[in-house]
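As C-alpha cells, the structure follows; a few thoughts come after it.
Residue numbers (this note's numbering): 91 to 344.
As C-alpha cells, this is what we get:
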C-alpha cells in the first residue's frame, strides 16, 4: 500500500472521528509529512493476510510521537531529577506498557471504539487535563534535595493507569490503529506486530527523558536550582494541560 493510500486513510479517519481538534490535526499532518518524504510502501504478506508493520513509516511515526514533549516525558524528566533513574524505572516501564495496551485495544476494537470516541473525547480530555493540572501543582511544590528521598515517584501501575486519561497517549494509539490496520481488520499476528513494535520503539524514547532528568539531578542539588527546575517543569505541565483543555473545548463549542 503506497503512501497515497495512507494519506487517503488519514482523510477517511478524520471523517470517522469527526472534525479533529488542532492537536489531532497536527499529529495527522505530521504523519503525512513523514509518509511523503519516505515514500515507503507497507508490504502485505498474502499467506497470513497481515501487513509487515516494522517499516520506516511506522518506526518514524511512533518514534517522533514517543520522544517529543508531552505529559509522559515531562513527568519522567521531573521524576529523573527528583528521584533518580533507578526509582523512575518502574514508572517508565508502566508508561510503555500502558501505551502498548492502548494500541492493542485500539487495533483489536477499532470499529467499536470509533463509534463512541466522539462521545467520550470531551469528558476524557477534561478529566485528563484536570489531572495534569494537579500533577503540575505537585511538581511545582516538589521537595528540597534533602526531602526527596522520603517522597515516592509513580510506580509501574500508576504509570500504566495514567495513560487512561492521557490525551496524547490515546491520540497516538488511535492514529497507529487507524493508519496501520488493514481494511479487512486486524488479526492476532497483526496486533502482536503493532504492540511489540510500539513497545520496542517507545521504551528507549521515553527513557531518554528519564536519563536526562537523572543527569540533571547532580547539577540541581542546590535548593534554589531544584525549585527553579520543578517550577519550570510544573509550569510546562500546566501549559500543556490548559492548551489541551482550551483546544478541545473551543473545538466542541465551535
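We put the beta carbon where it would ideally sit given N, CA and C, even for glycine.
On a predicted model such as this, the values are computed, not experimentally measured, just so you know.
Using a Cβ-Cβ distance cut-off of 8 angstroms, the stretch 148–168 and the stretch 299–309 are in contact, since at least three pairs of beta carbons, one from each stretch, lie closer than that value. The three-state secondary structure of residue 312, taken from DSSP, is coil.
Taking 8 angstroms as the cut-off, the Cβ atoms of residue 252 and residue 190 do not count as close. Distance between residue 200 and residue 262, taken at the CA atoms: about 13 angstroms. The C-alpha of residue 291 is placed about 7 angstroms away from the C-alpha of residue 149. Taken in chain order, the whole alpha helix (DSSP H) runs of length 4 or more contained in the stretch 169–247 are 200–230. Annotated three-state conformation of residue 303 is helix, per DSSP. Scanning its chain for C-beta atoms nearer than 7 angstroms, with the 5 sequence neighbours on each side dropped, one finds around residue 192 the residues 253, 259, 260 and 263, in chain order. Here DSSP, grouped into helix, strand and coil, assigns residue 265 to helix. Taking a 10 Å sphere around the C-beta of residue 268, we find 16 or more other C-beta atoms and assign the residue as buried.
For the options 155, 341, 279 and 318, the alpha carbon positioned closest to that of residue 231 is the one of 318. Approximately 5 angstroms separates the beta-carbon atoms of residue 281 and residue 197; this is inside 8 angstroms, confirming the contact. Its chain contains 246, 249 and 250 as the residues whose beta carbon lies nearer than 6 angstroms to that of residue 184, once the 5 sequence neighbours on both sides are disregarded; these appear in chain order.
Sequence-distant Cβ neighbours of residue 284 in its own chain, meaning closer than 7 angstroms and more than five residues away, are 143, 193, 197, 266 and 270. Linking residue 244 to residue 151 through their CA atoms gives a straight-line distance of about 27 angstroms.
For residue 153, the uninterrupted alpha helix (DSSP H) run begins and ends at 146–157, by DSSP. In this structure, residue 327 lies away from residue 217, with their beta-carbon atoms at least 8 angstroms apart. Between residue 212 and residue 342, the C-beta gap is smaller than 8 angstroms, which places the two residues in contact. Annotated three-state conformation of residue 271 is coil, per DSSP. When the beta-carbon positions are compared, residue 296 and residue 172 stay at least 8 angstroms from each other.
Under the three-state reduction of DSSP output, residue 256 falls in the coil class, being neither helix nor strand.
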